[in-house]
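J.:
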Amino acid sequence: MYIGRSVVNLKHENIHEYVIKCTNTTQITLDDDFNVMDSKPDIDLIVKEWGMAVVNGVRVNQDKAQIDGTLVFAIMYTGSSENDKRFIPVRMDGSLNFLENVNLSCDATGLDVNCKAQLEDLTIKSINSRKISVKAIVALTVTCEEIKNISISTGIEDGDCNAELLLKDFEYVQADVNMKDNLRIKETVSVPNGKADIGSLVWDDVDVRNVNTRMTEDGLSVSGELNVFIMYIADDEAGQVQWYETSTPFTGIIDVSGANPDGISYVGYNVISKNVEVRPDYDGNNRDVAVELVLDMDIKSYEECSRNAMWDMYIPGFDVDIKQETQQLKKLIIRNNNKCRVSGNVKVEDYINLMQIVNATANVQIDSYECIPEGIEIMGAVIVNIFYITSDDNSPMGSINSVIPFTTVVELKEYNKNLIEYTIRSSIEQLQASMNSSAQIEVKAVIALDTICFEPFNINVIDECECNKRENVDYSALPSMVGYISDGKCTVWDIAKKYDTTGDLMREENSTIQRLVDSDIIPAGTKLLLVRKAMV
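Count along the sequence shown starting at 1, add 189, and that's the number in the working numbering.
1) State buried or exposed for TYR471, treating a residue as buried only when at least 16 other CB atoms are found within 10 Å of its CB.
2) Among MET544, PHE646 and GLU559, which one has its Cα closest to the Cα of LYS606?
3) Quick one: Cα of ASN649 to Cα of ILE204, how far?
4) Using the C-alpha atoms, what's the distance from ASN198 back to SER340?
5) Spatial neighbours of ARG659 within its chain, please: C-beta separation below 8 Å, excluding the five flanking residues on both sides.
6) State the start and end residues of the unbroken beta strand (DSSP E) segment that holds ASP652.
7) For ARG476, report the span of its beta strand (DSSP E) as first-last.
8) Along the chain, which unbroken stretches of the beta strand (DSSP E) at least 3 residues long are found entirely within the region 506-582?
9) Using a threshold of 8 Å, state whether the C-beta atoms of ILE651 and GLN513 are closer than that.
10) Do the region 613-622 and the region 541-556 meet, that is, are 3 or more Cβ pairs less than 8 Å apart?
11) In the DSSP assignment, find the beta strand (DSSP E) that holds ARG721 and state where it starts and stops.
12) Report, in whole angstroms, the separation of the C-beta atoms of VAL249 and VAL302, which I expect to be a contact under 8 Å.
13) What's the call for LYS528, buried or exposed, on a 16-neighbour Cβ count within 10 Å?
14) CA-CA distance, GLY569 and ASP425?
15) So, are the CB atoms of ASP365 and GLY452 less than 8 Å apart?
16) CA-CA distance, ARG373 and GLN255?
17) Any idea what DSSP makes of LYS384, helix, strand or coil?
18) Using three-state DSSP, classify MET420 as helix, strand or coil.
19) Which residues bound the beta strand (DSSP E) around ARG468?
20) What is the DSSP secondary structure of GLY268, reduced to helix, strand or coil?
21) Give the C-beta separation of LEU390 and ALA325 to the nearest angstrom, bearing in mind that I take them to be a contact with Cβ-Cβ under 8 Å.
22) Report the rounded CA-to-CA distance for ASN657 versus SER195, giving the unit in angstroms.
23) Short of 8 Å in beta carbon distance, which residues of its chain neighbour LEU638, apart from the five on each side in sequence? Order them along the chain.
24) Express the C-alpha separation of MET670 and VAL725 in angstroms, rounding to a whole number.
25) Count the other C-beta atoms from every protein chain shown that fall within 10 angstroms of the C-beta of ILE192, then say buried if there are 16 or more, exposed otherwise.
26) Apart from the five residues on each side of it in sequence, which residues of its chain come closer than 8 Å, Cβ to Cβ, to HIS201?
27) Is the CB-CB distance between ILE630 and ASN534 below 8 Å?
28) Can TYR673 and ARG721 be called in contact, C-beta distance under 8 Å?
29) Taking DSSP's pairing of strands, which residues face LEU694 in a bridge?
30) State the beta-bridge partners of ARG403 as determined by DSSP.
31) Quick check: VAL331 and ASN213, are their CB atoms within less than 8 Å of each other?
32) By DSSP's criteria, TRP432 is part of a beta bridge. Which residues make up the other side?
33) Helix or strand or just coil, what does DSSP make of SER294?
34) Please state the DSSP three-state secondary structure of VAL445.
35) Taking all protein chains shown into account, decide if SER436 is buried (16 or more other Cβ within 10 angstroms of its Cβ) or exposed.
36) Using alpha carbons as the reference points, say which of ILE419, LEU484, VAL706 and LYS678 lies closest to VAL547.
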């Protein structure tokens, strides 16, 4: 038993939570001119362009983050052949380095700081036949995270203490994996029979689609499809332009420490490196294309937990001083992958003698999110590029850029729009472009919306507890039992604590509340006989 004023030794368990201390997004504009190499022909018309923003490193100095990155780009243009003066496709590659300081709203010293670069706009134009202008808008999002250990009191250490404890169950979600790693994908595709050997590779488009992730005991299992398009000059006397498009499956595994197969994984990916090379096949002919991609994987895994925590305590005959603090936890609302179908028509100008669609590429741009009664409304657009050939010898190929807007809703039920925290990642799963008339191209796409949503809630945690035996109290002068009529506002616990008894004694002496637990409210008008435990 406690004598005088004593500290109650509490049992604690820790909950690990990854907390975002601050995040900031800034846009930077890149602008530079590049000359065409002497070995390449003059530019007649820029047909197609591609770009990717990559973060090379992040350096933190208190409330500033210095981002070192590179803009990698490529264009395909038509140029004149020196032999027969016909127009041929030519590829030109380049890169532009940048160093940008991003202000942070917190001191990031010692925090886990990550930066994501997204190319929002790329414009490449020819200044003259030997020079191009490259302009780009890159969004840099810096996120600072830290691991927070939340201590939850679950009981008391003292076995001989006559303390009464109010324990309650609560459910929450805990992040057990939060890491970044690279997944290297290596696949080889071969041009089919009937197509000529590859002389020189002119253009390639490689896209990752239908990505599925699953946490196993060995780590994170990743599977999906590589959509590969190549255009090349044939290795024959005619030197004709040929192209080929195919899909090939891929799989990979990432080692994850503490992987839980029963966990709820949420994984994002971003292409940070691409390499496409022509290689000889078993017969020594250039018919194989080796594709190597590097994906930057953002891996998070959550575990839904249930825990029994101490919400209140008292000791009959003692004054108990409890110090509480409020901690915030999360519960999972939804984790799913929605599909959104988008379609639209792209108008072809009258002067374009379109003969065949060669290839179509697209990406998703999300403009806004809005919480509505039905869930989260997403407004965005599919940015599509359609590559085609024509019957015009002076302009044998070209491409059309188009924007197809869409609106969709991720359905949520019974949620507080002012509290929820959500992340929605979008990607193209399917894309099809077909000619429905001489003046229009029909585009159909399927967008994957990978969604996870949490709702924060507060829990009052007992941090410290002291008890002090009541002095100058003559219990012999107090009644050993009292009658009580419930007003319908107090729980079994409230009444037991006020009258120095226990819930078990109350249920033992009063059959009308035998089925009630300590946290239940006693119905109004219920008559009770209360026996003081301090007098027993």
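Glycine is no exception: its CB is placed at the ideal position from the N, C-alpha and C atoms.
T.: From the atom records:
1) Against the sequence shown, residue 471 aligns to sequence position 282. When all chains shown are included, TYR471 counts as exposed.
2) Counted from its first residue, the sequence shown places residue 606 at position 417. Looking at the Cα atoms, GLU559 is the closest of the given residues.
3) Here residue 649 refers to the residue found at position 460 when the sequence shown is read from its first residue. Here residue 204 refers to the residue found at position 15 when the sequence shown is read from its first residue. For ASN649 and ILE204, the distance between alpha carbons rounds to 14 Å.
4) Here residue 340 refers to the residue found at position 151 of the sequence shown. Here residue 198 refers to the residue found at position 9 of the sequence shown. SER340 and ASN198: Cα-Cα distance of roughly 14 Å.
5) Here the question's residue 659 lines up with position 470 in the sequence shown. Once the five neighbours on either side are set aside, the close Cβ partners of ARG659 are GLY506, PHE507 and ASP508.
6) For the purposes of this step, residue 652 is identified with residue 463 of the sequence shown, where counting begins at 1. Segment 629-658, the beta strand (DSSP E) holding ASP652.
7) Counted from its first residue, the sequence shown places residue 476 at position 287. First-last of the beta strand (DSSP E) with ARG476: 475-503.
8) Taking only runs of at least 3 residues, the beta strand (DSSP E) segments lying wholly in the region 506-582 are 507-536, 543-561 and 564-579.
9) For this step, residue 651 is matched to residue 462 along the sequence shown. For this step, residue 513 is matched to residue 324 along the sequence shown. Taking 8 Å as the Cβ cut-off, ILE651 and GLN513 qualify as a contacting pair.
10) yes
11) Taking the first residue of the sequence shown as position 1, residue 721 is located at position 532. Note, ARG721: premise wrong, no beta strand (DSSP E); not H, not E.
12) By 1-based counting over the sequence shown, the position of residue 249 is 60. By 1-based counting over the sequence shown, the position of residue 302 is 113. Sure, about 5 Å apart at Cβ, within 8 Å.
13) Here residue 528 is taken as the residue at index 339 of the sequence shown, counted from 1. Burial call: exposed.
14) On the sequence shown, residue 569 is found 380 positions in, with the first residue counted as 1. On the sequence shown, residue 425 is found 236 positions in, with the first residue counted as 1. Going from the Cα of GLY569 to the Cα of ASP425 covers about 46 Å.
15) The residue given as residue 365 occupies position 176 in the sequence shown. The residue given as residue 452 occupies position 263 in the sequence shown. Yes, the pair counts as a contact, with Cβ atoms nearer than the cut-off.
16) For the purposes of this step, residue 373 is taken as the residue at position 184 of the sequence shown. For the purposes of this step, residue 255 is taken as the residue at position 66 of the sequence shown. So the two alpha carbons sit approximately 27 Å from each other.
17) Looking up residue 384 in the sequence shown gives position 195. Looking at LYS384 - three-state DSSP - the assignment turns out to be coil, as it is neither helix nor strand.
18) The count along the sequence shown starts at 1 and reaches residue 420 at position 231. MET420: strand per DSSP, three-state reduction.
19) Here residue 468 is taken as the residue at index 279 of the sequence shown, counted from 1. Unbroken beta strand (DSSP E) run through ARG468: 453-469.
20) On the sequence shown, position 79 is the one that residue 268 refers to. It is a strand residue.
21) Along the sequence shown, read from residue 1 onward, the residue named residue 390 stands at position 201. Along the sequence shown, read from residue 1 onward, the residue named residue 325 stands at position 136. Incorrect: roughly 24 Å between the Cβ atoms, too far for contact.
22) The residue labelled residue 657 in the question sits at position 468 within the sequence shown. The residue labelled residue 195 in the question sits at position 6 within the sequence shown. Here the C-alpha atom of ASN657 lies approximately 7 Å from the C-alpha atom of SER195.
23) Within the sequence shown, residue 638 is the residue found at index 449, counting from 1. Around LEU638, the same chain offers ASN526, ASN527, LYS528, CYS529, ILE567, THR597, VAL599, ILE613, ARG614 and SER615 as residues with beta carbons nearer than 8 Å, after the five sequence neighbours per side are excluded.
24) If you number the sequence shown from 1, residue 725 lands on position 536. If you number the sequence shown from 1, residue 670 lands on position 481. With a pLDDT of 41 at VAL725, under the threshold of 50, the predicted position of this residue should be treated as unreliable, though the coordinate-derived value follows. Cα to Cα, the separation comes out at about 10 Å.
25) Counting from one through the sequence shown, the residue named residue 192 turns up at place 3. Confidence in ILE192 is poor, its pLDDT being 49 and thus under 50, which makes the residue's placement unreliable; the coordinate value appears in the next sentence. Answer is exposed; the Cβ neighbour count stays below 16.
26) As a position in the sequence shown, residue 201 is number 12, starting the count at 1. Around HIS201: SER340, ILE341, SER342 and THR343.
27) Translated into positions along the sequence shown, residue 630 becomes position 441. Translated into positions along the sequence shown, residue 534 becomes position 345. Against a cut-off of 8 Å, the Cβ pair of ASN534 and ILE630 comes out as a contact.
28) Reading the sequence shown from its first residue, position 484 is the one you call residue 673. Reading the sequence shown from its first residue, position 532 is the one you call residue 721. With respect to ARG721, TYR673 sits apart: the two C-beta atoms are not nearer than 8 Å.
29) Looking up residue 694 in the sequence shown gives position 505. Paired residues: none, contrary to the question.
30) As a first step, residue 403 must be located in the sequence shown, where it is residue number 214. In DSSP, ARG403 forms a bridge with SER410.
31) Your numbering for residue 331 matches position 142 in the sequence shown. Your numbering for residue 213 matches position 24 in the sequence shown. Going by C-beta atoms, VAL331 is nearer than 8 Å to ASN213.
32) On the sequence shown, position 243 is the one that residue 432 refers to. Answer is MET420.
33) Your numbering for residue 294 matches position 105 in the sequence shown. In the structure shown, SER294 sits in coil (DSSP, three-state: anything other than H, G, I, E or B).
34) One-based indexing of the sequence shown puts residue 445 at position 256. Note: VAL445 maps to coil in three-state DSSP.
35) Taking the sequence shown and counting its residues from 1, the one referred to as residue 436 is at position 247. Exposed, by the Cβ-count rule.
36) Position 358 of the sequence shown holds residue 547. It is ILE419 whose Cα lies nearest to the Cα of VAL547.
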